[in-house]
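Everything on this sheet refers to the single structure shown next.
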Amino acid sequence: MAYVIAGANLSNREAPTIAVRAETAKAALAEVTSAEANGYHVRISNSEGQEISVSDLRGLAGAEGELGAQDAAPDPLSGSF
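Everything in the sequence shown is counted per this note's numbering, starting at 8 for the first residue and increasing by one.
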């Protein structure tokens with residue numbers, strides 16, 4: 008699922024708004040963290056248009072990490088663990 012991040016920073020005259028698309032929750036969280044560090048207030052939605060909170064995005068990003076770790080785990084039936 009893709010994520011869309013939109014942000015506004017009214018105190019930054021050079022780039023007052025941003026719009027970024029990320030393909031994973033982990034990538035979206037990195038974009039949100041960077042934007043917030045630069046003073047942006049962000050809104051996040053998924054590719055279906057549902058708004059997502061930053062805390063929910065953190066949970067989704069964490070779940071992606073857990074799935075990745077499971078994918079890299081050895082096959083217990085192969086005898087190579």
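Note that CB positions come from ideal geometry on N, CA and C, so glycine has one too.
Can the beta-carbon of residue i be found less than 9 Å from the beta-carbon of residue j?
i	j	result
Glu71	Thr31	yes
Val39	Leu64	yes
Round the Cβ separation of residue i and residue j to the nearest angstrom and send it over; I've been treating them as touching at under 8 Å.
i	j	result
Ala42	Ala35	That belief does not hold up - the Cβ atoms of Ala42 and Ala35 are roughly 10 Å apart, past 8 Å.
Ala9	Lys33	In fact, because the Cβ distance is near 12 Å, the residues do not count as touching under 8 Å.
Ala5	Val49	The requested residue 5 is not part of the displayed model; the chain covers only 8 to 88.
Rounding to the nearest angstrom, what Cα-Cα distance links residue i and residue j in this structure?
i	j	result
Phe88	Gly66	Residue confidence for Phe88 is low, a pLDDT of 45 falling below 50, so the modelled location carries little weight; the figure read from the coordinates is stated next. Distance between the alpha carbons of Phe88 and Gly66: 29 Å.
Gln57	Tyr47	20 Å
In this structure, what does DSSP give as the bridge partners for residue i?
i	result
Glu58	Ser52
Tyr10	Ala29 and Asn53
Within its chain, find whatever has a CB closer than 8 Å to the CB of residue i; leave out the 5 residues flanking it on each side and keep chain order.
i	result
Leu60	Per the sequence shown, the amino acid found at residue 60 is Ser instead of Leu. So the qualifying residues of the chain are Ile51.
Asn45	Asn16 and Asn19
Ser54	Met8, Ala9, Tyr10 and Val11
Below 6 Å CB to CB, which residues in the same chain sit around residue i once its five sequence neighbours on both sides are set aside?
i	result
Val11	Arg28 and Ser52
Ala37	none
Can you find the residues in the same chain that come closer than 7 Å, C-beta to C-beta, to residue i, ignoring five residues on each side of it along the sequence?
i	result
Ser62	none
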